[in-house]
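If you use full-length UniProt numbering, the sequence shown corresponds to residues 1 to 125, in order.
Every residue gets a Cβ at the ideal spot worked out from N, C-alpha and C, and that includes glycine.
For clarity, every value in this text was computed on a predicted model and none was experimentally measured.
Below is one structure, written out as structure tokens; the observations come after it.
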Amino acid sequence: MLGAGSTLLSQKIKRLRGSSSFSSSSSSVSFHEIETYHNTNFEFIGDDDVDQFDTLHWWREHQKHFPILSIIVKQILTTSVSTVTVEQEFSMGGNILDARRSLLSPESIQVQVCVDDWTKAEYRQ
């Protein structure tokens with residue numbers, strides 16, 4: 001549960017601390033939550049449990065114990081669908097436009113993206 005998410009969590013708390021709505025009492029509460037979270041022993045019965053672990057579900061179940069952290073985690077872990085679509089499009093374009101094909105016209109790239117999408121659509125159905 002620690003790692004990159006822990007860094008994002010620290011950054012989010014620093015931002016909240018800088019806002020006018022973040023009082024010193026909420027600061028001590030949030031640090032108590034962080035301390036409690038870090039001291040919580042997360043046990044899994046087997047490797048299969050780790051693979052099936054649903055992070056958002058866990059935070060929903062534990063939001064009474066970690067009210068501030070659960071809000072922050074939800075903001076970090078949930079991504080708007082429109083963002084994902086845009087990132088996928090850029091990724092597809094990057095897969096087509098490489099060093100060998102750097103001189104392709106925008107129209108040619110668009111045609112290639114469409115052809116690739118149509119080909120993949122056959123497998124999606």
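Between the C-alpha atoms of residue i and residue j, what's the straight-line distance to the nearest angstrom?
i, j, result
"D117", "E107", "15 Å"
"I109", "K74", "37 Å"
"A121", "H32", "50 Å"
"E43", "V115", "47 Å"
"K64", "R100", "55 Å"
"H62", "D51", "20 Å"
"S28", "T40", "18 Å"
Excluding the five sequence neighbours on either side, which residues of its own chain have a C-beta within less than 7 Å of the C-beta of residue i, listed in chain order?
i, result
"Y37", "F66 and L69"
"W59", "S70, V73 and K74"
What residues in its chain sit with their C-beta under 8 Å from that of residue i, if we drop five residues either side in the sequence?
i, result
"D54", "none"
Taking 8 Å as the cut-off, decide whether the C-beta atoms of residue i and residue j are in contact.
i, j, result
"L103", "L77", "no"
Starting from residue i, trace the alpha helix (DSSP H) in both directions and tell me its first and last residue.
i, result
"T55", "T55 to E61"
"S70", "P67 to L77"
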